[in-house]
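The structure under discussion appears below in the form of C-alpha coordinates.
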Amino acid sequence: MSVVPLIITVFKQSIMDLQKFLTEAGILVIGGVVTVSAAYYLIKDDIKTYFRLKFSDQKNEKDSPLLSLRLQAHERLIVFVERINPSNLFIRLHHQGISLPELQAAVLNEIRSEYQHNITQQLYVSSSTWDVVKNLKEDTIAMVNNGVKNLPQDATGVDLSRKVLQHMAGIENNPYDLTLDLIKKDIHQLF
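The opening position of the sequence shown corresponds to residue 13 in this note's numbering, with each subsequent residue numbered one higher.
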(Lines of atoms letter the chains of each structure in order from A and count residues from 1; the text may use other names and numbers.)
(Lines give C-alpha, C1' and ligand atoms only; values in the text may rest on other atoms or scores of the structure.)
Protein backbone atom coordinates (compact mmCIF):
# COMPACT_ATOMS: atom_id res chain seq x y z
CA MET A 1 0.00 0.00 0.00
CA SER A 2 2.88 2.33 0.32
CA VAL A 3 3.32 2.23 -3.41
CA VAL A 4 0.11 4.14 -4.11
CA PRO A 5 1.01 7.16 -1.98
CA LEU A 6 4.44 7.13 -3.59
CA ILE A 7 2.88 7.14 -7.06
CA ILE A 8 0.55 9.96 -6.05
CA THR A 9 3.46 11.98 -4.69
CA VAL A 10 5.47 11.41 -7.88
CA PHE A 11 2.39 12.28 -9.97
CA LYS A 12 1.84 15.51 -8.00
CA GLN A 13 5.52 16.37 -8.34
CA SER A 14 5.34 15.73 -12.13
CA ILE A 15 2.29 17.97 -12.45
CA MET A 16 4.05 20.70 -10.50
CA ASP A 17 7.17 20.30 -12.68
CA LEU A 18 4.98 20.41 -15.80
CA GLN A 19 3.22 23.54 -14.56
CA LYS A 20 6.57 25.14 -13.77
CA PHE A 21 7.88 24.16 -17.23
CA LEU A 22 4.77 25.52 -19.01
CA THR A 23 4.94 28.75 -17.00
CA GLU A 24 8.60 29.28 -17.86
CA ALA A 25 7.99 28.36 -21.52
CA GLY A 26 5.06 30.78 -21.65
CA ILE A 27 7.18 33.57 -20.22
CA LEU A 28 9.92 32.87 -22.78
CA VAL A 29 7.43 32.77 -25.68
CA ILE A 30 5.80 36.03 -24.59
CA GLY A 31 9.24 37.62 -24.15
CA GLY A 32 10.27 36.41 -27.62
CA VAL A 33 7.12 37.73 -29.26
CA VAL A 34 7.54 41.11 -27.53
CA THR A 35 11.24 41.26 -28.60
CA VAL A 36 10.51 40.33 -32.23
CA SER A 37 7.59 42.77 -32.37
CA ALA A 38 9.69 45.58 -30.94
CA ALA A 39 12.53 44.81 -33.37
CA TYR A 40 10.11 44.72 -36.32
CA TYR A 41 8.58 48.02 -35.27
CA LEU A 42 12.04 49.59 -35.11
CA ILE A 43 13.24 48.33 -38.51
CA LYS A 44 10.00 48.01 -40.50
CA ASP A 45 10.78 51.18 -42.47
CA ASP A 46 14.20 49.78 -43.36
CA ILE A 47 12.60 46.51 -44.52
CA LYS A 48 10.07 48.38 -46.67
CA THR A 49 12.83 50.52 -48.17
CA TYR A 50 14.90 47.41 -48.93
CA PHE A 51 12.05 45.69 -50.77
CA ARG A 52 11.08 48.87 -52.60
CA LEU A 53 14.64 49.30 -53.84
CA LYS A 54 14.95 45.62 -54.67
CA PHE A 55 11.84 45.64 -56.85
CA SER A 56 12.71 48.98 -58.45
CA ASP A 57 16.14 47.56 -59.39
CA GLN A 58 14.41 44.69 -61.15
CA LYS A 59 12.11 47.10 -62.99
CA ASN A 60 15.04 49.30 -64.00
CA GLU A 61 17.12 46.32 -65.13
CA LYS A 62 15.83 46.95 -68.65
CA ASP A 63 17.29 50.47 -68.45
CA SER A 64 20.70 49.25 -67.33
CA PRO A 65 23.89 50.28 -69.14
CA LEU A 66 24.59 46.63 -69.98
CA LEU A 67 21.30 46.34 -71.82
CA SER A 68 22.17 49.45 -73.80
CA LEU A 69 25.54 47.95 -74.76
CA ARG A 70 23.91 44.67 -75.75
CA LEU A 71 21.39 46.45 -77.95
CA GLN A 72 24.15 48.48 -79.59
CA ALA A 73 26.09 45.27 -80.23
CA HIS A 74 23.11 43.70 -81.94
CA GLU A 75 22.63 46.84 -84.01
CA ARG A 76 26.29 46.77 -85.06
CA LEU A 77 26.03 43.13 -86.07
CA ILE A 78 22.96 43.87 -88.17
CA VAL A 79 24.93 46.62 -89.93
CA PHE A 80 27.87 44.21 -90.36
CA VAL A 81 25.69 41.51 -91.94
CA GLU A 82 24.12 44.05 -94.28
CA ARG A 83 27.52 45.45 -95.25
CA ILE A 84 29.05 42.05 -96.11
CA ASN A 85 25.97 40.88 -98.01
CA PRO A 86 27.29 40.51 -101.58
CA SER A 87 24.33 42.39 -103.05
CA ASN A 88 25.34 45.44 -100.99
CA LEU A 89 29.08 44.82 -101.00
CA PHE A 90 29.52 44.70 -104.77
CA ILE A 91 27.36 47.77 -105.34
CA ARG A 92 29.37 49.72 -102.78
CA LEU A 93 32.82 48.65 -104.02
CA HIS A 94 32.30 48.31 -107.76
CA HIS A 95 33.37 51.10 -110.05
CA GLN A 96 33.66 51.31 -113.80
CA GLY A 97 36.52 49.25 -115.23
CA ILE A 98 37.61 47.57 -111.95
CA SER A 99 39.64 44.45 -112.61
CA LEU A 100 38.91 41.06 -111.11
CA PRO A 101 41.94 41.07 -108.75
CA GLU A 102 41.20 44.64 -107.66
CA LEU A 103 37.57 43.86 -106.83
CA GLN A 104 38.49 40.63 -105.08
CA ALA A 105 41.09 42.42 -102.95
CA ALA A 106 38.69 45.29 -102.17
CA VAL A 107 35.89 42.88 -101.20
CA LEU A 108 38.10 40.72 -98.97
CA ASN A 109 39.67 43.79 -97.37
CA GLU A 110 36.23 45.29 -96.70
CA ILE A 111 34.91 42.09 -95.12
CA ARG A 112 37.95 41.66 -92.88
CA SER A 113 37.98 45.34 -91.93
CA GLU A 114 34.28 45.31 -91.03
CA TYR A 115 34.77 42.13 -88.99
CA GLN A 116 37.73 43.58 -87.08
CA HIS A 117 35.74 46.74 -86.43
CA ASN A 118 32.95 44.66 -84.83
CA ILE A 119 34.92 41.89 -83.14
CA THR A 120 34.28 43.20 -79.62
CA GLN A 121 30.53 42.88 -80.11
CA GLN A 122 30.88 39.20 -79.26
CA LEU A 123 31.01 40.24 -75.60
CA TYR A 124 27.39 41.32 -75.70
CA VAL A 125 25.67 38.68 -77.86
CA SER A 126 25.08 34.99 -77.32
CA SER A 127 27.85 32.60 -78.31
CA SER A 128 25.65 30.90 -80.86
CA THR A 129 24.79 34.21 -82.53
CA TRP A 130 28.44 35.25 -82.65
CA ASP A 131 29.40 31.86 -84.14
CA VAL A 132 26.80 32.29 -86.88
CA VAL A 133 28.06 35.81 -87.68
CA LYS A 134 31.68 34.62 -87.74
CA ASN A 135 30.79 31.67 -90.00
CA LEU A 136 28.86 34.00 -92.31
CA LYS A 137 31.98 36.12 -92.67
CA GLU A 138 34.10 33.07 -93.48
CA ASP A 139 31.49 31.74 -95.93
CA THR A 140 31.34 35.12 -97.69
CA ILE A 141 35.13 35.15 -98.11
CA ALA A 142 35.05 31.56 -99.40
CA MET A 143 32.21 32.40 -101.81
CA VAL A 144 34.18 35.31 -103.29
CA ASN A 145 37.38 33.27 -103.57
CA ASN A 146 35.52 30.34 -105.15
CA GLY A 147 33.89 32.73 -107.59
CA VAL A 148 37.33 33.95 -108.69
CA LYS A 149 38.66 30.40 -109.13
CA ASN A 150 35.93 29.51 -111.63
CA LEU A 151 36.38 32.60 -113.81
CA PRO A 152 38.67 32.86 -116.85
CA GLN A 153 41.91 34.87 -116.70
CA ASP A 154 40.46 37.77 -118.68
CA ALA A 155 37.37 38.13 -116.45
CA THR A 156 36.52 41.53 -114.98
CA GLY A 157 35.10 42.72 -111.68
CA VAL A 158 31.65 42.71 -113.28
CA ASP A 159 32.07 39.00 -114.01
CA LEU A 160 32.89 38.29 -110.37
CA SER A 161 29.90 40.31 -109.19
CA ARG A 162 27.62 38.48 -111.62
CA LYS A 163 29.01 35.05 -110.64
CA VAL A 164 28.61 35.60 -106.89
CA LEU A 165 25.16 37.18 -107.20
CA GLN A 166 23.98 34.30 -109.43
CA HIS A 167 25.24 31.87 -106.81
CA MET A 168 23.34 33.81 -104.13
CA ALA A 169 20.15 33.74 -106.24
CA GLY A 170 20.43 29.94 -106.40
CA ILE A 171 20.50 29.53 -102.64
CA GLU A 172 17.06 28.64 -101.29
CA ASN A 173 17.48 30.24 -97.86
CA ASN A 174 19.53 33.42 -97.98
CA PRO A 175 22.14 33.06 -95.18
CA TYR A 176 22.26 36.82 -94.66
CA ASP A 177 18.51 36.99 -94.05
CA LEU A 178 18.70 33.95 -91.75
CA THR A 179 21.50 35.58 -89.76
CA LEU A 180 19.53 38.81 -89.44
CA ASP A 181 16.55 36.81 -88.17
CA LEU A 182 18.77 35.09 -85.60
CA ILE A 183 20.14 38.44 -84.38
CA LYS A 184 16.60 39.79 -84.06
CA LYS A 185 15.54 36.72 -82.06
CA ASP A 186 18.57 37.25 -79.82
CA ILE A 187 17.45 40.85 -79.24
CA HIS A 188 13.90 39.76 -78.36
CA GLN A 189 15.28 37.46 -75.66
CA LEU A 190 16.54 40.56 -73.85
CA PHE A 191 12.96 41.67 -73.16
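Cβ atoms here follow ideal geometry from the backbone N, Cα and C, with glycine treated the same way. Model, not experiment: these values are computed from the prediction.
Straight-line Cα distance separating residue j from residue i
| i | j | result |
| --- | --- | --- |
| residue 129 | residue 160 | 26 Å |
| residue 185 | residue 134 | 25 Å |
| residue 205 | residue 62 | For the chain, the structure presents residues 13 to 203; residue 205 sits outside this window and is missing. |
| residue 22 | residue 47 | 37 Å |
| residue 31 | residue 49 | 27 Å |
| residue 132 | residue 97 | 20 Å |
| residue 37 | residue 19 | 26 Å |
Beta-carbon proximity check, residue i vs residue j, cutoff 9 Å
| i | j | result |
| --- | --- | --- |
| residue 108 | residue 172 | no |
| residue 170 | residue 120 | no |
| residue 193 | residue 138 | no |
| residue 52 | residue 59 | yes |
| residue 95 | residue 126 | yes |
| residue 195 | residue 89 | yes |
| residue 79 | residue 202 | yes |
| residue 111 | residue 168 | yes |
| residue 174 | residue 136 | no |
Secondary structure of residue i, DSSP reduced to three states
| i | result |
| --- | --- |
| residue 128 | helix |
| residue 26 | helix |
| residue 201 | coil |
| residue 144 | helix |
| residue 138 | coil |
| residue 162 | coil |
Legend entry - At least three beta-carbon pairs within less than 8 Å, the stretch 102-111 to the stretch 133-147: no
Legend entry - Length at least 4, wholly inside the stretch 164-197: the alpha helix (DSSP H) runs in chain order: 169-182
Inset, instruction - Taking only runs that begin and end inside the stretch 40-110, name each unbroken alpha helix (DSSP H) of 4 or more residues, in chain order. - result: 77-96, 98-105
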